[in-house]
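Note sheet for the following structure.
Numbering (this note's numbering), first residue to last: 7 to 345.
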């Protein structure tokens, strides 16, 4: 058993540098856990991401006295953003494009010679992500041409799509069922109800959204939807789902069979990365979810050790699904980790 402490998951890049170093190459399979609002293994996927900085270089000038002598890097950034926003109509539904202007000049009286914009590009396949990145690059080059500036394109990091292993997901559900659901005290349920009141009902997430619910699970799902926090175990019901968030564990899943599973640490209404998630994760509700995860991982590990055929089945599935799609490291060999 090998345990990895993986840095910077929220920067979507730590495991990618570890993958580049080959630390996952000799694994039989990998087990991955992420807190959530359900006890459920995953069979769906998550989009990959490319993280770019576009740095424009222009010519400074006094904005009042000699603006004609200036070539504004900020103008180039703004024109790039306009162009990319028009591009949104011409990409597929699951593509996501986000940006933030991180440098736009210092004072309004000076034409800025330097400006930067930071972009995240996401797509559900490697090929589509590369295509979107190339189109955004062309928009940046067009903005530079229009403003007589130059643009420097800097890749900060990247991660691949997630390839959840269905066989391992089923093993996780069997382990969860053996362990049983999470039981909550009256005080914990009341805490969850009160916390949910801080999130408007119309903005509340449906934990079962985009899932294919088997007929035999429908009554259980309907009963759980009214609860402030869900302790029941569920089989993977997200086989066709494409999560539009990203995680760097995707790169591991292309190197060895992997399943990401979740356990309940959040209430049903708390938005991801919100204060509500922080509140429950740091108290008994979150602790119970993490213990449930630890027990599940241990039980699955016992199954894998006691019957190596489980690993054979997982690897056979992984080989079949990756056939013709070898892992391609999404970062160059000379890229240094972020600080």
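Just so it is clear, CB atoms sit at the ideal spot from N, CA and C, and this is done for glycine as well.
If the five residues before and after residue 196 are omitted, its C-beta is found closer than 8 Å to no C-beta atom of its own chain.
Annotation: the region 107-154 contains the following complete segments of the beta strand (DSSP E) (minimum length 3 residues), in chain order: 120-129. Residue 26 sits in a helix when the DSSP states are folded into three classes.
Under the three-state reduction of DSSP output, residue 243 falls in the coil class, being neither helix nor strand.
The C-beta of residue 50 has 16 or more other C-beta atoms within 10 Å across all chains shown, which makes the residue buried.
Across the set 272, 13 and 157, the C-alpha of 272 shows the shortest separation from the C-alpha of residue 202. When beta bridges are read from the DSSP output, residue 57 appears opposite 126 and 163. The three-state secondary structure of residue 267, taken from DSSP, is strand. In the structure shown, residue 171 adopts coil according to DSSP, grouped into three states. In this chain, the beta strand (DSSP E) harbouring residue 38 covers 36-42. Restricting attention to 246, 291, 137 and 145, the CA atom closest to the CA of residue 158 is found in 145. Annotated three-state conformation of residue 200 is helix, per DSSP.
Secondary-structure assignment with DSSP links residue 105 through a beta bridge to 125.
With respect to residue 189, residue 301 sits apart: the two C-beta atoms are not nearer than 9 Å. Residue 223 places its beta carbon less than 9 Å from that of residue 241. Under the DSSP assignment, residue 304 falls in the alpha helix (DSSP H) whose first and last residues are 290-312. Residue range 315-328 is occupied by the alpha helix (DSSP H) that includes residue 328. Per DSSP, residue 223 lies in no alpha helix (DSSP H) and is assigned neither H nor E.
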